[in-house]
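Asks: Once you've had a glance at the structure underneath, I'll fire off some questions.
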Amino acid sequence: MSDVILDVKDLHTYIFSRWGVVRAVDGVSFSLHMGETLGIVGESGCGKTMTSLSLLRLIPKPAARIVKGEIWLDGENLLEKRE
Numbered sequence: 034m035s036d037v038i039l040d041v042k043d044l045h046t047y048i049f050s051r052w053g054v055v056r057a058v059d060g061v062s063f064s065l066h067m068g069e070t071l072g073i074v075g076e077s078g079c080g081k082t083m084t085s086l087s088l089l090r091l092i093p094k095p096a097a098r099i100v101k102g103e104i105w106l107d108g109e110n111l112l113e114k115r116e
């Protein structure tokens with residue numbers, strides 16, 4: 034049995050507007066193992082909040098969408114579950 038509790042693979046969250054597409058999260062991948070603490074660090078506007086909102090599926094709809102990737106939590110892909 035694996036000790037990975039959260040596994041994010043190639044996550045892409047885009048915001049669509051009349052001015053174009055903003056790639057707010059563009060290919061983020063990481064794994065969180067049992068007993069670890071994860072910190073997301075970066076410059077202002079680099080996608081930290083959108084990454085977190087994507088994991089929680091709280092992105093502002095309909096403008097924002099998770100267009101690609103997988104979010105595995107305890108062996109289940111959250112993106113395959115209904116909201």
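Numbering of the sequence shown is given in my numbering, commencing with residue 34 and proceeding in unit increments.
For each residue, glycine too, the CB sits at the ideal point set by N, CA and C.
1. Over what stretch of residues does the alpha helix (DSSP H) that includes Ser87 continue unbroken?
2. Can you look up Glu113 in the DSSP assignment and give me helix, strand or coil?
3. In the structure shown, what three-state DSSP assignment does Gly108 receive?
4. Exposed or buried, what is Leu89 when buried is set at 16 or more other beta-carbons lying within 10 Å of its beta-carbon?
5. Alpha carbon to alpha carbon, how far is Asp40 from Gly80? Give it in angstroms, no decimals.
6. What does DSSP give as the partner residue(s) for Arg51 in the beta ladder?
7. Determine which residues share a DSSP beta bridge with Glu103 and list them.
Replies: In terms of the structure at hand:
1. In the DSSP annotation of this structure, the continuous segment of the alpha helix (DSSP H) that includes Ser87 starts and ends at 81-89.
2. Helix at Glu113.
3. Of the three classes helix, strand and coil, the one that applies to Gly108 here is coil, per DSSP.
4. Counting Cβ neighbours within 10 Å, Leu89 comes out exposed, since fewer than 16 surround it.
5. Cα-Cα distance, rounded: 18 Å.
6. DSSP lists no beta-bridge partner residue for Arg51.
7. For Glu103, which the question treats as bridged, DSSP gives the partners Lys42.
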